[in-house]
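Student: Encoded as C-alpha cells, here's the structure I'll be asking about.
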Amino acid sequence: MSNKMWGGRFSDKPADIMTEINVSIDVDRKLFRQDIAASKAHAQMLAKQRIISPQDAKKIVHGLDKILSEIAGGKFRFKRSLEDIHMNVESRLADMIGPAAGRLHTARSRNDQVATDFRLWVRDVLDELDAALADYQRALAQKALTHAATIMPGFTHLQTAQPVTFGHHLLAYVEMASRDLGRFADARKRLNESPLGSAALAGTSFPLDRMMTAKKLGFDRPMANSLDAVSDRDFVLEALSAASIAAIHLSRFAEEIVIWTSPIVGFLKLSDQFTTGSSIMPQKRNPDAAELVRAKAGRIIGALQGLLIVMKGLPLAYQKDMQEDKEGAMDAFAALALCIAAMTGMVRDMMPEKARMKAAAGEGYATATDLADWLVRELKMPFRRAHHVTGQIVAIAEGMDLPLEKLALADMRKVEPRITQAIFKVLSVENSVASRKTFGGTAPANVRREATKWLKQVSRKRSGKVRGR
Ligand code: ARG
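If you want the working numbering, it's the 1-based position in the sequence shown plus 34.
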C-alpha cells in the first residue's frame with residue numbers, strides 16, 4: 035500500500051532502505067509540543083477565515099489536545115512508517131476524529147510546518163539557556179564576593195605575571211556569560227518571526243491571516259518572503275554559533291579547574307560531589323566534570339560546523355537535506371545546558387587553597403611591575419628606565435635565589451641609590467592588588483562593588499524585569 039499522506043500517484047510502497055534513510059521521527063518527535071501548538075493555531079485561524087468550519091476546527095483542536103497528553107504521558111505509539119512528527123500527529127488525529135482531520139493541512143505544507151516547529155523549539159531552548167546562564171552568573175558573583183580579597187597569581191603565557199584576586203578572576207567569567215546572554219537574546223529577537231502560512235514555498239491561494247497565527251505562537255510578525263521562510267535555517271545556525279562561543283568560555287574555565295586542582299598546582303579543591311576516583315589508583319581524585327565540559331565544547335562546535343556545511347550549497351527553497359538540521363543541534367543544546375549546570379555546580383563547590391594561592395602569587399617576581407611603578411611615582415623616573423632598573427634588581431635577586439621583598443635594601447641601592455625603605459611596602463602581594471583600583475582593576479574594593487552589582491542585576495532578571503543583558 036502506498037503512503038496515505040502523499041501516495042496518490044504511487045502504487046508501490048517504498049523499499050525498506052528508503053524508509054530507513056527518510057525517517058526523522060526518532061529525532062523530530064521532540065518537537066511534539068511545538069508541532070501541536072502550531073497546528074492548533076493554524077486550525078483556529080482557518081476557522082476564523084472561514085476556510086474550514088468552526089465545528090471541524092473544534093474537533094481538530096480537541097483532538098490535538100488529546101494527542102498532546104498522550105505523547106506527554108508516554109502513551110503515544112510513534113510509527114516509523116509515518117516518517118515524521120507531523121504525519122504521526124495527523125494520522126492519529128484522523129484515527130480520533132475522522133475526515134475532519136484531513137482539513138487541517140489546508141494551506142499548509144510540512145515545509146512551513148517544520149520551519150515553524152523548529153523555530154519555536156529553538157526559542158524555548160534559548161529561554162532555558164538564558165535562565166541557566168543567569169544562575170551560573172549568580173554562583174560566580176557569590177563566590178567572587180566571598181573571595182574578593184583572596185590573592186592568587188595572574189598569568190600571561192601561563193607564567194606568573196602579577197597578583198590578582200580570585201574574585202576578580204571569577205568575575206571575568208561573569209562578563210563572558212553576560213555577552214553570551216546578549217548573543218542569545220539577539221538570536222531570539224531575529225528568530226522570532228513566523229514561517230507559518232508560507233506553505234510549500236510560494237504562499238497559498240487561501241485567504242490566511244498570518245498575523246493571527248504569528249501572534250498566537252508568540253512570534254513578533256510573519257516572515258515576509260515565503261521562499262526565505264521555508265528555506266532559512268539561520269535561526270539554528272545563529273543560536274549554535276552563540277552556543278559555541280558560550281561553550282568555549284565554559285571550556286576555558288573548565289581547563290583552569292583541571293590545572294588548578296592538579297596536585298602540582300594545588301590552587302583549588304573540589305569535593306566528592308564533583309570529582310571521581312580511579313579504579314586502580316586509590317589516591318586519585320579526578321576532575322571529570324570539568325574535563326567533560328572541556329570536551330563537550332568540541333561537540334557543540336561540531337554541530338555548528340555540520341549544519342553550516344549541510345546548508346552551504348542548497349538552492350532555494352526547501353531541500354530534504356534540511357531535515358539533518360535537528361539531530362546535531364538538539365544534541366548541542368542539551369550538551370550546553372549540561373555544561374552550564376555542571377560549571378554552576380563546580381563554582382558553588384570549589385574551595386580555593388588560599389595559602390597556596392597567595393604563596394604562588396608572590397613567586398616569580400610577580401610584584402616587579404609594582405617596583406617599577408614605585409620608581410616612576412617616587413623618583414619620577416621614565417617608565418622605560420624604571421623597567422630596566424627593575425630588571426637589574428630582579429636579576430640580582432634571582433642570582434641570590436631570593437624573592438624581591440627579601441632582597442636587602444643595600445643590594446637594590448647598588449642599582450639605584452635613591453631607593454628607600456618605603457619600597458618594601460609595594461612589594462607585598464596585598465599591596466599590589468589593593469593598589470589596582472582603576473575601573474576594571476583587580477582591587478578587592480572593585481571586586482566587592484562589581485560582585486554586588488551583578489548579584490543585584492541577576493536577581494532583578496530572575497524576577498522578570500530584564501531580558502537578555
Ligand atoms: N521531516 C521533514 C524535515 O524535518 C519535514 C519536512 C518534509 N517536507 C517535505 N517536503 N518532504 O525537514
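Here a beta-carbon is modelled for each residue, glycine too, at the ideal position from N, C-alpha and C.
Measure the alpha-carbon distance for glycine 475 versus threonine 403 and round it to whole angstroms.
Tutor: Between glycine 475 and threonine 403, the C-alpha separation is close to 15 Å.
Student: Whole angstroms is fine: what's the gap from proline 197's alpha carbon to asparagine 480's?
Tutor: Looking at the two C-alpha atoms, the distance is approximately 15 Å.
Student: What residues in its chain sit with their C-beta under 6 Å from that of arginine 67, if we drop five residues either side in the sequence?
Tutor: If we look at arginine 67 and ignore the five residues flanking it on each side, it has no Cβ neighbours.
Student: Quick one: Cα of isoleucine 282 to Cα of leucine 242, how far?
Tutor: Each residue's Cα considered, the two are about 44 Å apart.
Student: Smallest Cα separation from serine 466: which of Gln491, Met446 and Ala406?
Tutor: Nearest of Gln491, Met446 and Ala406 to serine 466, Cα basis: Ala406.
Student: Could you work out which residue in Ala165, Asn320 and Gly396 is closest to phenylalanine 218 when comparing CA atoms only?
Tutor: Minimum Cα distance to phenylalanine 218 is reached at Ala165.
Student: List in chain order: all unbroken beta strand (DSSP E) runs of 3+ residues lying wholly within the region 400-473.
Tutor: Those beta strand (DSSP E) runs which fall completely within the region 400-473 and span 3+ residues do not exist here.
Student: May I ask which residues mark the beginning and end of the beta strand (DSSP E) holding alanine 128?
Tutor: Not the beta strand (DSSP E): alanine 128 falls in the alpha helix (DSSP H), residues 119-131.
Student: Return the Cβ separation of phenylalanine 240 and isoleucine 85 in integer angstroms, given the expectation that the two are a contact with Cβ distance under 8 Å.
Tutor: So it is a contact: roughly 5 Å between Cβ atoms.
Student: Is it a yes or a no for the region 191-211 touching the region 255-265, going by three-plus beta-carbon pairs under 8 Å?
Tutor: No, because fewer than three Cβ pairs between the region 191-211 and the region 255-265 fall closer than 8 Å, the two stretches do not touch.
Student: If I'm right that valine 344 touches aspartate 359 with Cβ under 8 Å, what's the distance once you round it to whole angstroms?
Tutor: That pair is a contact at about 7 Å.
Student: Measure from the alpha carbon of glutamate 117 to the alpha carbon of each residue in Asp60, Ser278, Ala141 and Ala363, then state which is nearest.
Tutor: Taking only the C-alpha atoms, the option nearest glutamate 117 is Asp60.
Student: Under the criterion of a Cβ to heavy atom distance below 7 Å, does arginine 43 qualify as lining the ligand ARG?
Tutor: No, the ligand ARG has no heavy atom inside 7 Å of this Cβ.
Student: Along the beta strand (DSSP E) that carries isoleucine 185, what are the first and last residues, could you check?
Tutor: 185-190 is the span of the beta strand (DSSP E), which, as asked, contains isoleucine 185.
Student: For arginine 267, which three-state DSSP category applies?
Tutor: Note: arginine 267 maps to coil in three-state DSSP.
Student: To which residues of the same chain is alanine 468 closer than 7 Å at the C-beta, ignoring the five residues directly before and after it?
Tutor: If we look at alanine 468 and ignore the five residues flanking it on each side, its Cβ neighbours are Ala477 and Pro478.
Student: Counting only the same chain and skipping the five closest in sequence on each side, list residues whose C-beta sits under 7 Å from that of proline 256.
Tutor: So the list reads Glu227, Ser228, Gly231, Arg244, Met245 and Ala248, once near-sequence residues are dropped.
Student: At a threshold of 7 Å, does aspartate 62 count as lining the ligand ARG (C-beta to nearest heavy atom)?
Tutor: Yes, the ligand ARG has a heavy atom inside 7 Å of this Cβ.
Student: For my contact list, alanine 276 and alanine 221 are in at a C-beta cut-off of 8 Å; report their separation, rounded to the angstrom.
Tutor: Between alanine 221 and alanine 276 the Cβ distance is about 5 Å, and since that is below 8 Å, they are a contact.
Student: Does the count of Cβ pairs from the region 339-354 and the region 308-327 closer than 8 Å reach three?
Tutor: Contact fails: fewer than three Cβ-Cβ distances are below 8 Å.
Student: Once you ignore the five residues that flank leucine 274 on each side, which residues in its own chain have a CB closer than 7 Å to its CB?
Tutor: Counting only Cβ-Cβ distances below 7 Å, and skipping sequence neighbours, we find Ala337, Leu338, Leu341, Ala363 and Ala366.
Student: Say the cut is 7 Å; is the CB of asparagine 122 nearer than that to a heavy atom of the ligand ARG?
Tutor: No, since every heavy atom of the ligand ARG falls outside the 7 Å radius drawn around the Cβ of asparagine 122.
Student: To which residues does DSSP link arginine 255 through a beta bridge?
Tutor: DSSP, once it has assigned bridges, lists Glu227 as partnering arginine 255.
Student: Going by the DSSP bridge assignment, what does proline 197 pair with across the sheet?
Tutor: Pro187, per the DSSP bridge assignment.
Student: Do isoleucine 101 and arginine 63 have their C-beta atoms within less than 8 Å of each other?
Tutor: No, they are not a contact pair.
Student: Identify the continuous alpha helix (DSSP H) that holds glutamate 111 and give its terminal residues.
Tutor: Correcting the residue identity first, residue 111 is arginine in this sequence and not glutamate. Taken as a continuous stretch (DSSP letters only), arginine 111 belongs to no alpha helix (DSSP H), as it is neither H nor E.
Student: How many angstroms separate the CA atom of tyrosine 399 from the CA atom of leucine 441?
Tutor: Using only the alpha carbons, I get a separation of about 11 Å.
Student: Should aspartate 214 be flagged as near chain C, meaning a C-beta pair shorter than 8 Å?
Tutor: Here chain C cannot be found, since the structure has a single protein chain.
Student: Any heavy atom of the ligand ARG closer than 7 Å to the beta-carbon of tyrosine 170?
Tutor: No, the ligand ARG has no heavy atom inside 7 Å of this Cβ.
Student: Following the continuous alpha helix (DSSP H) through isoleucine 335, name the residue where it begins and the one where it ends.
Tutor: First-last of the alpha helix (DSSP H) with isoleucine 335: 322-345.
Student: For arginine 144, is the beta carbon positioned less than 7 Å from some heavy atom of the ligand ARG?
Tutor: Yes, the beta carbon of arginine 144 sits closer than 7 Å to at least one heavy atom of the ligand ARG.
Student: Give me the Cα-Cα distance between proline 48 and isoleucine 55, rounded to the nearest whole angstrom.
Tutor: So the two alpha carbons sit approximately 11 Å from each other.
Student: Nearest CA to the CA of aspartate 26: which residue from Thr309, Leu98, Ala141 and Arg482?
Tutor: For the chain, the structure presents residues 35 to 503; residue 26 sits outside this window and is missing.
Student: Threonine 476 lies in the alpha helix (DSSP H); which residues open and close that run?
Tutor: Neither: threonine 476 is in no alpha helix (DSSP H) and is coded neither H nor E.
Student: If you count every other CB in all the chains shown that lies within 10 Å of the CB of arginine 452, and 16 or more means buried, which is it?
Tutor: Classification of arginine 452: exposed, given that the 10 Å Cβ count is below 16.
Student: If you draw a straight line from the C-alpha of alanine 195 to the C-alpha of phenylalanine 189, how long is it?
Tutor: Each residue's Cα considered, the two are about 5 Å apart.
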